[in-house]
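This note's numbering applies: residue 12 is where the sequence shown begins, and numbers increase by one.
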Amino acid sequence: MKKSSKKWISVAAVSTVAMTTIVGCSSGGKEGATTPSSSGSSAPAAATPAQQQTPLDLNIMLPIFKTNFPKDDGPVVTEIEKKTNTNIHLEWVPNASYTDKFNITLASGKLPSIIYVPDVKNPSFVNAAKSGAFWEVGKYLKDFPSLSQANSIIMNNSSIDGKNYGVYRGRALGRNGINYRKDWLEAVGMQPPKTIDDFYNMLKAFKEKDPDKNGKNDTYGMVMVKWTGQWASSFDIMKLWFGAPNKWGVVNGKLVPEHQTPEYLEALKFMKKLYDEKLVNQDFAVFDSAKWNDPVVNNQAGVIIDVTDNAARLDDKIHQTLAKEGKDKPDIHYIDNMIGVTGKDGLKALPTSGFAGLLAIPKSSVKTEDDMKRVLKFLDQMNSPELTTMAGYGLEGKHYTKEGDAVVPSKDSAILESEVEGLNQMLPFIPEDRGLKVKQTPLRLQTAKIQKEAEQFIVANPAEPFISQVYSQKGQQLDNIINDARIKFIVGQTDEAGLKNAFETWKKSGGDDLVKEMNDLYSAVKK
Numbered sequence: 012m013k014k015s016s017k018k019w020i021s022v023a024a025v026s027t028v029a030m031t032t033i034v035g036c037s038s039g040g041k042e043g044a045t046t047p048s049s050s051g052s053s054a055p056a057a058a059t060p061a062q063q064q065t066p067l068d069l070n071i072m073l074p075i076f077k078t079n080f081p082k083d084d085g086p087v088v089t090e091i092e093k094k095t096n097t098n099i100h101l102e103w104v105p106n107a108s109y110t111d112k113f114n115i116t117l118a119s120g121k122l123p124s125i126i127y128v129p130d131v132k133n134p135s136f137v138n139a140a141k142s143g144a145f146w147e148v149g150k151y152l153k154d155f156p157s158l159s160q161a162n163s164i165i166m167n168n169s170s171i172d173g174k175n176y177g178v179y180r181g182r183a184l185g186r187n188g189i190n191y192r193k194d195w196l197e198a199v200g201m202q203p204p205k206t207i208d209d210f211y212n213m214l215k216a217f218k219e220k221d222p223d224k225n226g227k228n229d230t231y232g233m234v235m236v237k238w239t240g241q242w243a244s245s246f247d248i249m250k251l252w253f254g255a256p257n258k259w260g261v262v263n264g265k266l267v268p269e270h271q272t273p274e275y276l277e278a279l280k281f282m283k284k285l286y287d288e289k290l291v292n293q294d295f296a297v298f299d300s301a302k303w304n305d306p307v308v309n310n311q312a313g314v315i316i317d318v319t320d321n322a323a324r325l326d327d328k329i330h331q332t333l334a335k336e337g338k339d340k341p342d343i344h345y346i347d348n349m350i351g352v353t354g355k356d357g358l359k360a361l362p363t364s365g366f367a368g369l370l371a372i373p374k375s376s377v378k379t380e381d382d383m384k385r386v387l388k389f390l391d392q393m394n395s396p397e398l399t400t401m402a403g404y405g406l407e408g409k410h411y412t413k414e415g416d417a418v419v420p421s422k423d424s425a426i427l428e429s430e431v432e433g434l435n436q437m438l439p440f441i442p443e444d445r446g447l448k449v450k451q452t453p454l455r456l457q458t459a460k461i462q463k464e465a466e467q468f469i470v471a472n473p474a475e476p477f478i479s480q481v482y483s484q485k486g487q488q489l490d491n492i493i494n495d496a497r498i499k500f501i502v503g504q505t506d507e508a509g510l511k512n513a514f515e516t517w518k519k520s521g522g523d524d525l526v527k528e529m530n531d532l533y534s535a536v537k538k
């Protein structure tokens, strides 16, 4: 019998003033990698002899970017269960509080069958993995049609000491950039920005020149959210424009943390300028990422710095909103995107690691090797074209129709939110996104093009492969010191002296030990 279909959202019991590290936003609540579709096949979704077994109970903990979400007994989840011989219970956690809930869940010992791990370097996860709390799945992937095609570089990036404690969720490396209101830019008589000064002037014009032409002073430049610390936060993308490194830089042959570079401080001063001049939302430090798109769609803000594939989703939402008012112009794009703007060192782009978190399998809930293999089989099947399409767009005829080979999603946003959106969070996209796609509009084609181009401008993190014992023990405390300090500096609660005092606190709280350890690891690799 199928277990209870009751769906529940977990809310973190712990809150903090400092922004916490989380991955996936844009990584997650958005479409998957933009790699071209493949003609290769994956594990068949139809019933096989092995599926004559008792259905596998799966509890899956995932982030959600909306206030509504698919229920266990919804039509799409039910169909996925039929195709994979499973009983699925989805534990949805609001994206903004996912890191807190993840850490609480790890500490509780009451883990689901599959848990989304937003940050493979999260000290709680590293410690749990090394203590044997999760299955090491790397050696088993060769036995599955799709998972066996996992990218070796991404496998390395997502490993802990060379071991893979989960199935990575593939993403394009050059995903990050600028999304902006193209119609607003035209309305204020400007061209797309090329330099940091151009970007500033665009934000200023979006605030001061009535870009929506409603005669009111009710717009601002860029919307930011409290989500920070990984590869899609606005500041972490923008800091590279100023020459700051990606988490760690190399200065005179030594690894240096990014916040100890003058370029990082320069970038923070720029952010403070934007805040002081009210060119960004004044509540960004508490603004929920679930609402990130709303100000752009609702004619309040003109820019989001995030993954560039968000441009198409923003554009679709604006078209839908205008269509309801009878004001839509279906043949134009309201949103445009770009890799970034140039600083003194040219164009720089923040890369992803090729993946957006892991889907890990805890040993406490999946106790035997055979059950673990059944969980891997489920994840393998989700890479099939049929199930990838289903988790991304729902059921044909109910949630979408087809126009040639292209998906045309239903215009009923309520049914999509309550039955479909968010299910793509459990898709590995290995070796690539094989599902059907929406119609490849000029904007989507441009996005694929610039994401590929961005790979030549990415700034790598030279410390990406290293697992630090110090960070495993003190990483969250150290990250919170920096995140809290930079927010306070941007919003004017502390000055430059206070910021530098926080940096000193970071050093004394374990930062100096972290720098030494990372350099020892770096030196060992160079030998």
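We put the beta carbon where it would ideally sit given N, CA and C, even for glycine.
In this text the structure is predicted, and so the values were computed from the model without any measurement.
The closest CA to that of THR206, considering only ASP247, GLY351 and ASP317, is found on GLY351. Annotation: the continuous beta strand (DSSP E) that includes ILE125 extends over 125–128. ASN212 and MET529 have their C-alpha atoms roughly 40 Å apart.
Here the region 312–331 does not lie against the region 257–270, with fewer than 3 beta-carbon pairs under 8 Å apart.
For the set ALA459, ASP209, ASN168 and ASP172, the Cα lying nearest the Cα of LYS141 is the one of ASP172. Looking at GLN467, GLU430 and ASP320, the one whose alpha-carbon comes closest to that of GLN451 is ASP320.
Between GLY313 and ALA367, the alpha-carbon positions lie close to 26 Å from each other. Contact between GLY433 and PHE80 holds: their C-beta atoms lie close to 5 Å from each other, under 8 Å. Judged by their CB atoms, GLY181 and ILE165 are nearer to each other than the 8 Å cut-off. CA-to-CA, the gap between ASP347 and ASN310 works out to about 15 Å. In this structure, LYS388 places its C-beta atom within 8 Å of the C-beta atom of PHE155. Restricting attention to LYS174, LEU361, TYR151 and PRO105, the CA atom closest to the CA of ILE189 is found in LEU361.
Note on LYS112: 16 or more other CB atoms within 10 angstroms of its CB, so buried under the neighbour-count rule.
Per DSSP, MET349 is one residue of the beta strand (DSSP E) stretching across 346–349. Between the region 498–507 and the region 283–295 there are three or more C-beta pairs closer than 8 Å, enough to call the two in contact.
For THR505, the CB contacts under 6 Å within the same chain, skipping 5 residues up- and downstream, are LYS499 in chain order.
The region 371–391 makes contact with the region 118–133, as at least three CB pairs between them are under 8 Å. Distance from the Cα of SER424 is smallest, within the candidate group THR78, THR65 and THR363, for THR78. Here LEU370 carries a strand assignment [DSSP, helix/strand/coil]. When DSSP reads this structure, ALA107 sits in no beta bridge, so it has no partner. The continuous beta strand (DSSP E) containing GLU414 extends over residues 411–414. DSSP places ASP506 in no beta strand (DSSP E); its state is neither H nor E.
Straight-line measurement puts the Cα of GLY522 at about 12 Å from the Cα of SER479.
The beta-carbon separation of LEU370 and VAL178, rounded to 5 Å, stays under the 8 Å limit for a contact. Closest in C-alpha terms to PRO86, from the list ASN292, PHE246 and LYS409, comes LYS409. DSSP places ILE164 inside the alpha helix (DSSP H), whose first and last residues are 163–168. Ranked by Cα distance from PRO306, the options GLN392, GLU380, THR332 and PHE281 are led by THR332. Nearest to MET349 by C-alpha distance, out of LYS283, GLU464, VAL297 and ASN394, is GLU464. According to DSSP, residue pairing for LYS224 in a beta bridge does not occur. Annotated three-state conformation of ARG497 is helix, per DSSP.
Here LYS338 is exposed, its C-beta having fewer than 16 other C-beta atoms within 10 Å. By the neighbour-count criterion, in which 16 or more other beta carbons inside 10 Å mark a residue as buried, GLY509 falls on the exposed side. By the CB criterion at 8 Å, THR97 and LEU69 fall inside the cutoff.
In the same chain as ALA118, and ignoring 5 residues on each side of it, the C-beta atoms closer than 8 Å to its own belong to SER135, in chain order.
Closest option to MET235, judged by alpha-carbon separation, among ARG186, VAL419, ALA198 and ASN304: ASN304. In this structure, the CA atom of GLU428 is about 18 Å from the CA atom of MET72.
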